[in-house]
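For what it's worth, this note's numbering labels the leading residue of the sequence shown as 14, then goes sequentially.
Glycine residues also receive a C-beta, built at the ideal position from the N, C-alpha and C atoms.
Encoded as structure tokens, the structure appears first; notes follow it.
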Amino acid sequence: MKFTVIITEAPYGKERAYSGLRFALTALLEGIDVNIFLIENGVYVAKKEQNPSEMPNYSELLKNAIELGAVVKACGPCCKARGLKEEDLIEGVQLATMHDLVAFVKESDNVVTF
């Protein structure tokens, strides 16, 4: 079984990205393969050197998902529009296009958007 988790919201403003990461981590722990696609403001979830106080560190949660086997891609045009380059993202996150998102969806049993 494989899930694709699409995260559209930036970290810390709302809890949607946090819920998406928690969902992905739980699925991985249950033995489900997971793809994560970061799009729109969701690309900020992968930004390096986040150091929030009194909140979960979203990039650390994303790193944990990668360590557990998640494939993570971030929308390249979305990153470019926000001034983010691949070197601004945590290790293991690849820049991608809509073709990559379509491929994720085609190979998935379920798709969830946060």
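Nearest neighbour of residue i, chosen from the options [CA to CA]
{"i": "Tyr25", "options": "Asn64, Asn48, Leu97 and Ala83", "result": "Asn64"}
{"i": "Ala40", "options": "Leu81, Cys92, Leu114 and Cys88", "result": "Leu81"}
{"i": "Ile20", "options": "Gly55, Asp122 and Ala94", "result": "Gly55"}
{"i": "Asp101", "options": "Val118, Ser72, Asp113 and Phe117", "result": "Ser72"}
{"i": "Arg95", "options": "Glu104, Ser66, Ser121 and Lys60", "result": "Lys60"}
{"i": "Met68", "options": "Tyr57, Ala83 and Glu28", "result": "Glu28"}
{"i": "Tyr57", "options": "Val125, Ile103 and Asp122", "result": "Ile103"}
{"i": "Val125", "options": "Phe36, Tyr31 and Glu22", "result": "Phe36"}
{"i": "Ser121", "options": "Thr110, Ala83, Glu99 and Pro90", "result": "Ala83"}
{"i": "Cys91", "options": "Leu38, Ile52 and Ile45", "result": "Ile52"}
Backbone secondary structure at residue i - three-state DSSP
{"i": "Thr110", "result": "coil"}
{"i": "Ala83", "result": "coil"}
{"i": "Phe127", "result": "coil"}
{"i": "Lys119", "result": "helix"}
{"i": "Ala23", "result": "coil"}
Residue range of the unbroken beta strand (DSSP E) whose run includes residue i
{"i": "Ile103", "result": "Counting along the chain, Ile103 falls outside any beta strand (DSSP E), and DSSP gives it neither H nor E."}
{"i": "Thr17", "result": "Lys15 to Ile20"}
Check whether residue i and residue j have beta carbons under 8 Å apart
{"i": "Thr17", "j": "Val106", "result": "no"}
{"i": "Leu34", "j": "Ala78", "result": "yes"}
{"i": "Phe50", "j": "Leu108", "result": "no"}
{"i": "Leu75", "j": "Val85", "result": "yes"}
{"i": "Asn48", "j": "Lys93", "result": "no"}
{"i": "Glu43", "j": "Ala30", "result": "no"}
{"i": "Ser66", "j": "Phe127", "result": "no"}
CB contact check: residue i to chain B, cutoff 8 Å
{"i": "Phe16", "result": "Note that chain B does not occur in the displayed structure, where there is just one protein chain."}
### Task
Pick out the complete beta strand (DSSP E) segments inside the segment 25–92, 3 residues or longer, and give them in chain order.
46–51 and 84–88
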